[in-house]
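Chains as they are written, first to last, in our numbering: chain E, 1 to 355; chain P, 1 to 355.
Quick reminder that beta carbons are idealized off the backbone N, C-alpha and C, glycines included.
Note that the coordinates shown come from a computational prediction; the quantities given were computed from them, not determined experimentally.
Here's the structure we're looking at; comments come further down.
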């Protein structure tokens, strides 16, 4: 039997549906959302007000959260303004990191994560979060200094989550470093190795991660089958076949020693639905998805009424298709980590004394 | 607008259904359950084992919790052994007091509440509770010493709940003191005044109670309409009419300055259904009920299979009738305490910094 501490056990199950599958909505985007709103409203990013951001997040929450088993938001623009729109039956994940990343110098492209100042795991727990989400950018071939920095932040958050007995959801994202742009055959070729190595690294018990939020381990737009304008009308050169991608997904699942979900990274909805299907067939426990589901609604900004109509129609439609695409997801409690069964840690007559 | 701190706001809503009404199951009974199991198994109370208690609670939870919006259990026999049977969409209340009460001397019948040793609000919060429940016995005419003791425990728990930003559910129960037995015309006559005064006392802001769990403010078995064998085949003398009882319910609602639910105190199911109906019409926000729904199942102990069958049939039937009887309950957010509307405390761009 695998022992799970009570707070992690109860709160992890609150993120999933009764079937143990995660269908989670992300609205914790900050910098990318600000940029889009500025563009659509025809103004500078710094002129996008706090309330503009908060209102868009509240609208996304109100319209889409009822479709989700849990929602990931941020404590700055998100939670306080969306609290009254949160369905009581939907789990809550709160982001712990500052938006984006820092780079040390102009010509040094390695990304370093910074935790949100004046915010903490303790505050998130107190406010009612069911889980903490941390995003780190990572690749195994970073400089030792950047690796140490990123690993140390993950360990720090992992320890705090253990102290407050809250599930730790770690999102790991790779990025091109010398392979050209993110949309290039060089980076597409490199991606499986990077994503799989990331899953392996942060599955190590020392990080105390409970659920990994992982990238799809390939770029479907560079597959033989889908490189001919399939997803965005653009032709690209093929770097692998769909069958090879299925194998990357299986390798990713083998590397992830804890339950994992797939993230959307802003791809289009049709590409995301295929990613969900392939990831779940390989062993993912669902998805944690933002922009693939709702990004088209932002194109209607600042017409909030039009956005709301779009979200209630297209957004819900997208969500329901993603929910269906994840029907073969592995329930979190059926992950091989728990093959021997699950038991609350310390169970016995003295549980309440020693907890 | 009435400001509610984030943790209380989110967790209070997690105890209720999407409609803001509480349909809550209590399985935190300890001494009364032990006595019944001992009697049914034909042994002494001290021979009822820890696991026997734990298994019965797990069975009640598994069969009935799916009908509830939240479940109240204890951290001793209940939570550790029921955690894997808790539906993820059902809120969790944890008891904080030691079972029963203490009396100072043999001939001094005033009851004093004791908190469970080696347990705390901090532990309950960490373990994933959505609320703390404290039971206190109280009447306004107790000795100053007992009143001070009981009031001080309520204040202590109220402060701890505020510190960990968890809803505080206070159950207040009166008892006969010089009026003869609990089933006597003298006590029935006294009950409205006692219950209404209790609600008024613990509505005072200093106790920091978020939800009151109250007794029905009369004994329906002593009404003109129901004193002729209606509920338990026994004839009693009438002490009031049903119309007077409705008025007691309205007075109780007027005395409760916070949302309140009705408790069952082990009455039979038909009497309880009428209590729920009358209380909800007067302003209650639902119920928190144990024995009225499941006590008949204990008569089948130690035949656990027969108990499970009974709970799945009669228990679920009872629960669904109680759910229907509470359809006119006042959603907690529609209580007059929140007549001006609700807003998360400290809302603004600095919420996450100052929380």
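Proximity to residue 207 (chain P) across P:266, P:229, P:223 and P:152 peaks at P:152, based on C-alpha coordinates.
Comparing alpha carbon positions, the residue from E:29, E:297 and E:15 closest to residue 54 (chain E) is E:29. What residue 338 (chain E) touches in chain P, judged by beta-carbon distance under 7 angstroms, is nothing: the nearest beta carbon there is about 11 angstroms away. Closest by C-alpha distance to residue 339 (chain E), out of E:266, E:258 and E:267, is E:258.
Going by DSSP, residue 3 (chain E) is part of the beta strand (DSSP E) stretching over 2-4.
When DSSP states are grouped into helix, strand and coil, residue 222 (chain P) belongs to the helix group. Boundaries for residue 334 (chain P): no beta strand (DSSP E) harbours it, and the DSSP string shows neither H nor E there. Put simply, the region 74-87 of chain P touches the region 39-59 of chain P. At least three CB pairs are less than 8 angstroms apart. Under a 10 Å Cβ-count criterion, residue 234 (chain P) is classified as exposed, with fewer than 16 other Cβ atoms of the shown protein chains found around its own Cβ. Listed along the chain, the chain E residues whose CB falls inside 8 angstroms of the CB of residue 127 (chain P) are 6, 7, 10, 165 and 355. The beta carbon of residue 269 (chain E) sits closer than 6 angstroms to the beta carbons of 292 and 318 from its chain, once the five residues preceding and following it are set aside; these are given in chain order. Scanning chain P for C-beta atoms nearer than 8 angstroms to the C-beta of residue 123 (chain E) yields 352 and 355, reported in chain order.
The region 207-223 of chain E makes contact with the region 244-259 of chain E; the number of CB pairs closer than 8 angstroms reaches 3 or more. Under the DSSP assignment, residue 69 (chain E) falls outside any alpha helix (DSSP H); it carries neither an H nor an E label.
Membership of residue 155 (chain E) in the alpha helix (DSSP H) is indicated by the continuous run 144-163.
The bridge partners DSSP lists for residue 342 (chain E) are E:2. Rounded to whole angstroms, the gap between the alpha carbons of residue 101 (chain E) and residue 146 (chain P) is 59 angstroms. In the DSSP assignment, residue 26 (chain P) falls within the unbroken beta strand (DSSP E) covering 22-26. Counting only Cβ-Cβ distances below 7 angstroms, residue 119 (chain E) has contacts in chain P at 352, in chain order. Taken in chain order, the complete beta strand (DSSP E) segments of 3 or more residues contained in the region 89-148 of chain P are 91-95 and 131-137. Residues of the region 58-80 of chain E with a C-beta less than 8 angstroms from any C-beta of chain P: 75, 76, 79 and 80, listed in chain order.
The bridge partners DSSP lists for residue 213 (chain E) are E:171 and E:261. By alpha-carbon distance to residue 255 (chain P), the top candidate from P:286, P:336, P:308 and P:332 is P:336. The count of Cβ pairs closer than 8 angstroms, one atom from the region 36-43 of chain E and one from the region 341-354 of chain E, stays below three, leaving the stretches out of contact. For residue 51 (chain P) and residue 76 (chain P), the gap between their C-alpha atoms comes out near 11 angstroms. Between residue 7 (chain E) and residue 329 (chain E), the alpha-carbon positions lie close to 24 angstroms from each other. Against residue 347 (chain P), the close residues of chain E are 80, 81 and 83, in the order they occur along the chain (beta-carbon pairs closer than 9 angstroms).
Taking residue 277 (chain P) as the centre and dropping the five residues before and after it, the same chain places the C-beta of 325 closer than 6 angstroms to its C-beta, in chain order.
Here residue 249 (chain E) is not bridged, per DSSP, to any residue. Scanning P:232, P:205 and P:332 for the CA closest to the CA of residue 260 (chain P) turns up P:332. Counting other Cβ atoms within 10 Å of its Cβ, residue 223 (chain E) reaches 16 or more and is therefore classed as buried. At least one beta carbon of chain E lies nearer than 8 angstroms to the beta carbon of residue 18 (chain P).
According to DSSP, residue 240 (chain P) shares a beta bridge with P:223. Closest by C-alpha distance to residue 241 (chain P), out of P:2, P:189 and P:49, is P:189.
Taking C-beta separations shorter than 8 angstroms and ignoring five residues to either side along the sequence, the partners of residue 203 (chain P) in its chain run 209, 212, 255, 256, 257 and 258, following chain order. According to the DSSP assignment, residue 319 (chain E) belongs to the alpha helix (DSSP H) that extends over 316-325.
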